[in-house]
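> All residue numbers for the sequence shown refer to the numbering used here, where the first residue is 68 and numbers rise by one. Where a beta carbon is used, it is the ideal one built from N, C-alpha and C, also for glycine. Keep in mind it's a predicted model, so treat the numbers as computed, not measured.
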Amino acid sequence: LIECKTYRFRGHFEGDPKRGGTYRGEAEMMEWEKRCPIKNFKVKLIENGVLTEAEAEEIQQKCAEEIQEAVKFAKDSAHPSPEDVLEDVFISL
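Following this line, the structure appears as structure tokens:
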């Protein structure tokens, strides 16, 4: 059993100009950003000699490239037809 406490770094939608700051203070959000498990794990791996900064940068670069390829694929793909709007949205009982 794993119990995890999570924190949403963004607002309720991606275009939220205040990143959720309407109902949370900036100090609270900054404090939680310091606790980011991904950033902290990277630091721990480097401190323990498991990963070098160069290797971490290479991983980051590969991820960024893969994301850009996915975005390009999505933009270059045809839009779905109106008939497909509910495809894979609800389960059929």
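With a cut-off of 8 Å, do at least 3 Cβ pairs link the stretch 90-101 to the stretch 73-81?
Judged by Cβ distances under 8 Å, the stretch 90-101 makes contact with the stretch 73-81, as three or more pairs qualify.
> Taking only three categories from DSSP, how would you classify I69?
Locating residue 69 in the sequence shown gives position 2, counting from the first residue. It is coil, neither helix nor strand.
> Suppose the cutoff is 6 Å on Cβ atoms and the five residues either side in sequence are ignored; what does the same chain contact list for L118 look like?
Residue 118 sits at position 51 when you count from the first residue of the sequence shown. Around L118: L112.
> Is there a C-beta anywhere in chain C that falls below 8 Å from the one on H79?
Going by chain labels, chain C is absent from the structure shown, which holds only one protein chain.
> According to DSSP, is P149 helix, strand or coil?
As a first step, residue 149 is located in the sequence shown; it is residue number 82 there, counting from the start. It is helical.
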